[in-house]
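Okay, so the sequence shown: first residue is 543 according to this note's numbering, each after it adds one.
In this text, a Cβ means the ideal position worked out from N, Cα and C, and glycines have one as well.
Quick notes on the structure that follows.
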Amino acid sequence: MLDLQSILEDVRLSLAPQILNSGAVISLDLGLSEITFVRRKLRSIFYNLLNNAIKYTPQERRPEIRISTRESGNFMVISVADNGIGMSAIARQHIFEKFKRIKTDVEGAGVGLYLVNTIVTSAGGKIEMESEEGKGSVFRIFLKLREFPA
């Protein structure tokens, strides 16, 4: 059983230099805060989504990242919303492919979202994304809460 607050604090510490340099503001609304999952995998999901949210926000804009959780059926839904550069419809079609990148002038290898998608789908979950160019993106991660419905 993992506490999301603890995982997020660990990720914040890992990303402290980027958060400080960008002035990023991260807000939490954890309607559900515990889940049975592999710690390093859940940490990897949050690390990649938060790192991208900071990395893909224009320099003249302060990154604003909203993380929320809720229960939906047999799933915990984790939502990570940002005010970054957003993506076109064409970019969204390829964003979860290995080595695919939207912008090549930003540091990265194109494996972060591929890894997030692989972790989530391997655990029987799914990932959804909404994005609008210039306005930001919202990633929704659906993770199974329990093996059998209560």
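Which class does residue i belong to by DSSP, given the choice of helix, strand or coil?
| i | result |
| --- | --- |
| V677 | One point to set straight first is that residue 677 is Lys, not Val, in the sequence displayed. Here K677 sits in coil by DSSP. |
| V580 | coil |
| L687 | coil |
| L546 | helix |
| L572 | strand |
| E672 | strand |
| A692 | Caution is warranted here: a pLDDT of 47 is assigned to A692, below 50, making its placement in the model unreliable, and no coordinate value can be reported. |
Taking a contact to mean a Cβ-Cβ separation below 8 Å, would you say residue i touches residue j in this structure?
| i | j | result |
| --- | --- | --- |
| I637 | G676 | no |
| N590 | L657 | yes |
| V622 | F681 | yes |
| E672 | S664 | no |
| V662 | I683 | yes |
Since residue i contacts residue j with CB under 8 Å, what's their CB separation in whole angstroms?
| i | j | result |
| --- | --- | --- |
| L550 | I587 | Their Cβ separation, rounded to whole angstroms, is 11 Å, which puts L550 and I587 out of contact at 8 Å. |
| L557 | L592 | 6 Å |
| R604 | V653 | Not really, about 27 Å apart at Cβ, beyond 8 Å. |
| T611 | G666 | T611 to G666, Cβ: 18 Å. No contact. |
Compare the Cα-Cα distances from residue i to each of the options and report the closest residue.
| i | options | result |
| --- | --- | --- |
| I561 | R581, I607, S548 and I577 | I607 |
| M543 | A633, I661 and R581 | R581 |
| R688 | L572, N563 and E576 | E576 |
| Q547 | G667, G565, N616 and S569 | S569 |
| S701 | T578, D571 and E674 | There is simply no residue 701 to check, as the chain begins at 543 and stops at 692 in what is shown. |
| F579 | D624, A633, E670 and D545 | D545 |
| P600 | I632, G565, L555 and R634 | G565 |
| N594 | L555, E602, N625 and I632 | N625 |
Q: Run through the stretch 584-658 for me and flag every whole beta strand (DSSP E) of 3 or more residues, listed as ranges in chain order.
A: 606-614 and 617-624
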